[in-house]
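Here the structure is laid out as structure tokens; the discussion comes afterwards.
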Amino acid sequence: MQPLALSLPVLTPDTALFLDFDGCLVDIAPRPDAVVIPPGLPERLARLHDALDGAVALISGRDVADLRRHLPDFPGAIAGSHGAELALSGQVIETTHQADLDPDALHRAAADAVADHPAILVERKPHGVALHYRADPSLRPVVEEVMARLADANPDLVLQPAKMAMELRPAGSGKDGALDRLLAMAPFAGRVPVYAGDDLTDEVAMARAQALGGQGIKIGAGETVARHRLPDPAALARWLDDALEGLR
Ligand SMILES: O=P(O)(O)OC[C@H]1O[C@H](O[C@H]2O[C@H](CO)[C@@H](O)[C@H](O)[C@H]2O)[C@H](O)[C@@H](O)[C@@H]1O
């Protein structure tokens with residue numbers, strides 16, 4: 460494991476800022492629909508968007524519509540569904556579809572497979588499905604077995620371990636690819652990426668940001684490739700506020 464630098468990156472006017480959502484901008488909640496937007500978060504994001512000339516993006520495993528429900532006024536780009544969706548200026552401009560993926564059928568298959576375990580939450584996703592075992596962590600082996608079976612039956616999807624959950628996401632999607640796509644377009648192109656995230660899915664994106672001369676910030680505990688760490692979303696919020704002062 461790489462030693463983590465004690466200092467945090469400095470945001471400069473040529474930074475491109477990439478922020479994960481669950482566990483990074485908002486605290487982890489018992490269920491996906493129970494997350495609480497911290498007071499001041501929408502305003503903080505809007506101010507960052509202004510200070511960085513629009514170069515602020517959300518990059519999440521959630522789909523774009525879900526993120527928009529939680530942050531309806533977020534003015535920046537959103538890469539949703541682990542990068543399978545990309546939205547700029549309120550429009551989804553790019554979607555990676557699996558021609559033969561029927562999300563309803565996948566959701567039904569997952570729900571049927573765990574019907575004997577009501578503590579497992581089945582999350583329907585437009586590009587896959589997630590099974591959550593947060594309500595009863597002893598059910599993790601059940602979730603892993605079911606998801607491995609569903610992955611075998613759906614070769615266009617890949618398994619993605621998450622926090623107290625397993626997901627199936629489109630093969631070829633990923634937050635590193637989302638970072639690359641955004642960095643190839645205005646207003647992100649030519650800027651230095653800074654990526655903050657808390658989960659396994661963020662590791663490839665933080666590695667990519669650092670390989671491109673930028674920085675990764677791991678939120679919370681756990682092994683990471685990131686050179687920097689903050690303990691929780693509240694600490695990230697404080698650091699972002701300080702960074703905003705420096706950008707004025
Ligand atoms: O990429 P992210 O923005 O971090 O999203 C990753 C997944 O987050 C959600 O699940 C996680 O957060 C839930 C709410 O705090 C929590 O209950 C769950 O245990 C976590 O795994 C979301 O439900 C997924 O769709 C996202 O892919």
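If you want our numbering, it's the position in the sequence shown, counting the first as 1, plus 459. Virtual Cβ for every residue (Gly too), placed ideally from N, Cα, C. Just so it is clear, the structure is predicted and the values come from calculations on it, not from any experiment.
- Minimum Cα-Cα distance from L616 among the listed residues K584, A694, D525, V601 corresponds to K584.
- In the pairwise beta carbon analysis, the stretch 630 to 647 is classified as not touching the stretch 599 to 611: fewer than three pairs are separated by under 8 Å.
- Between the stretch 501 to 514 and the stretch 682 to 690, the count of C-beta pairs closer than 8 Å stays below three; the two stretches do not touch.
- Closer than 7 Å to some heavy atom of ligand 1: that does not describe the Cβ of T554.
- In this structure, the straight-line span from the alpha carbon of F647 to that of V588 is close to 30 Å.
- With a threshold of 16 other beta carbon atoms within 10 Å, A702 meets it and is buried.
- By a beta-carbon distance limit of 8 Å, H576 contacts L598. Their separation comes to about 6 Å.
- Taken atom to atom, the span from the alpha-carbon of L517 to that of D479 is near 6 Å.
- The stretch 465 to 479 makes contact with the stretch 654 to 663; the number of CB pairs closer than 8 Å reaches 3 or more.
- Residues V651 of the same chain have their beta carbon placed closer than 7 Å to that of G672, with the five preceding and five following residues left out of the count.
- Annotated three-state conformation of T660 is helix, per DSSP.
- If you draw a straight line from the Cα of L545 to the Cα of L530, it is about 16 Å long.
- In the three-state reduction of the DSSP assignment, D481 falls in the strand class, which pools E and B.
- Contact check for L706 and P472: beta-carbon distance about 7 Å, within the 8 Å limit, so the pair qualifies.
- In this structure, R490 has its beta carbon less than 7 Å from a heavy atom of ligand 1.
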